[in-house]
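In our numbering, each residue's number is its place in the sequence shown (first place is 1) plus 353.
Just so it is clear, CB atoms sit at the ideal spot from N, CA and C, and this is done for glycine as well.
It should be emphasised that the depicted structure is a prediction, and the values quoted were computed from it without experimental measurement.
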Amino acid sequence: MNVAILGGGVTGLTAAWQLAKAGHSVRVLESAARVGGNIRTEAADGWLSEAGPNSFQESTLEIATLIRELGLAVERITTLAAAKKRYLVMDGKLLAAPAGPGAFFSTPLFSFRTKVKILSEVLQSPRNRPDEVSVARFVTDHVGAQVLERAVQPFIGGIYAGNSERLSAKYAFPKLWEAEKTTGSLIRAAIQGAKSRKAQGLKGSAPVISFKRGLQALTDALAAKLPEGSVVLNADVKALLPGATRRWGVLWDGPTGPTSGEFDFVIAALPAWSLARLTFGTDAATPLAALGAVEYSPVASLFLGYRRDQVRHPLDGFGALVPRAEKRSILGLLFSSSLFPGRAPEGHVGLTVFTGGALQPETARLPEKELLDRVASDLRDLVGAEGRPVFTRHVLWNQAIPQYNLGYGRFLDAMTQCEAKFPGFLVGGSVRDGIALPDCIKSGTQLAKRVS
Ligand SMILES: Cc1cc2nc3c(=O)[nH]c(=O)nc-3n(C[C@H](O)[C@H](O)[C@H](O)COP(=O)(O)OP(=O)(O)OC[C@H]3O[C@@H](n4cnc5c(N)ncnc54)[C@H](O)[C@@H]3O)c2cc1C
């Protein structure tokens, strides 16, 4: 088969690699001047910073296999032992999230009443809700409003940069939604999940990983393993037309002007706004126009490097998440140099700060200097960071993460209907199959399987 893959992010590249491995001919069409999409690592002056994702869970054997096949096993690194601890901010201070029964009973994070509510969650019976509900409602039903405010909303900020009142439990957390139906208690479902991972020879919780050269090592390796000439950069795909010799003609604006090619299959691993604009057929229909209404939250990421003596906190953890009630400019921060080795030069530490999201979109869009001032004030209070950072990287993602808000099903339906109407056209990626990197890797693999 001859397959066009639209979008050279991790989804598109995974699909391309799996197809090439199975003997198909692939062409990845990527509108940017580089592959990787949201995955973007920069190495400079002894610092290694991530503009987008910083790590991901090696949650399946397929991911471990992919890493081995790409020759990345020697590059793979798991989080340092210190990163086990996770902090939440409460009353302007960092507080370790309880990691075991002892810490759970003694933590000031939750009231006695909330602790009782959490413990009694294991008694919940399976439940079939007639309608989808927000993540806020879902969580409150299970463990109460205090857990939502102090732990879950900040966690949602860290994953979706989203608003728990608007995110749909059904679409944003499908496994929990199913667990409620089948098991009732989410806590019991989590215990069963850990047991079943162990039975498969996996660790109870999946390792959190990256690579020595950063996450971009993954997408760079995927692209490098493809046959020469398989990736076309600066190729902005515009239209799909009936082909003369093969099923699909694909039209793109390339480095040398409008260009076209013919393919048996087209895989789209694009953001919603690009899918919405894609025209099909000679009448230039836009069957995915509805996806223009998918909301994306804006996020600014700041990588800040300090001399070790500028930061008072031991940075003995993964990072810290900030509840809305704390009224801070930052959504959360990662202790990047405590997470993985090689992120900061000797005698220095690196922090990655995320701002904006669905709850404070205007903060993400602040000019760099103003944003730095605000963030510096938060970091002074929270981790005792004094003085100006000695290294700074600022990236604004105007449309960072698709929000699986209430009613997201209509976008999924539009994609399903489009596939049914146009055989040989397949859609996947973060807009359809989940936003975390393991979801995108799985999506790419499934897209390739469907073609094969
Ligand atoms: C700031 C940030 C932090 C994150 N942190 C984490 C994390 O820590 N862990 C985690 O698991 N996930 C994280 N994510 C989510 C994860 O990075 C993304 O969901 C994932 O990378 C999406 O991959 P994708 O291939 O589906 O899409 P993308 O990476 O968006 O790739 C789509 C590609 O399509 C290209 N394109 C667009 N239009 C066209 C067109 N018309 N023609 C051709 N090409 C086109 C784009 O240039 C892009 O390269 C984070 C995301 C962001 C933004």
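For the set Glu721, Thr598, Ala452, Leu631, the Cα lying nearest the Cα of Ala653 is the one of Glu721. Ligand 1 has no heavy atom closer than 8 Å to the beta-carbon of Ser402. When DSSP reads this structure, His747 sits in a beta bridge with Leu655.
For His701, the enclosing beta strand (DSSP E) begins and ends at 701-709. A heavy atom of ligand 1 is found nearer than 8 Å to the CB of Glu383. Assignment of Phe457 by DSSP, reduced to helix, strand and coil, places it in the helix class. In terms of Cα proximity to Gly405, the closest of Leu529, Pro791, Lys446, Asn391 is Asn391. DSSP places Arg393 in the coil class of the three-state scheme, outside both helix and strand. Gly376 is classed as exposed because its beta carbon has fewer than 16 other beta carbons within 10 Å across all chains shown.
Secondary structure at Thr431: strand, using DSSP grouped into helix, strand and coil.
A straight-line Cα-Cα distance of about 37 Å links Ala577 and Leu719.
Relative to the non-hydrogen atoms of ligand 1, the Cβ of Asp573 never comes closer than 8 Å to any of them. If you compare the alpha carbons of Val356, Asn355, Gly360 with that of Gly781, the shortest gap goes to Gly360. Short note on Thr418: C-beta not closer than 8 Å to any heavy atom of ligand 1. Shortest Cα-Cα distance from Ser487 to any of Gly710, Lys470, Gln752, Leu529 involves Leu529.
In the DSSP assignment, Glu615 falls within the beta strand (DSSP E) that extends over 610-616. The closest heavy atom of ligand 1 lies 8 Å or more from the beta carbon of Lys774. Taking the Cβ of Ser805 as the reference point, every heavy atom of ligand 1 lies at 8 Å or farther away. The Cβ neighbour count for Lys437, taken over all protein chains shown within 10 Å, is under 16; the residue is labelled exposed. Nearest to Ile683 by alpha-carbon distance, out of Phe707, Val475, Phe465, Leu765, is Phe707. The criterion of a C-beta distance shorter than 9 Å is satisfied by Ser796 and Ala368. With contacts defined by Cβ atoms closer than 9 Å, Tyr659 and Pro742 form a contacting pair.
With a cut-off of 8 Å, the C-beta of Val784 is classified as near ligand 1, since at least one heavy atom of the ligand falls inside that distance.
For Pro595, the secondary structure class from DSSP, reduced to helix, strand or coil, is strand.
DSSP, reduced to helix, strand and coil, places Pro479 outside both helices and strands of the structure shown, so it counts as coil.
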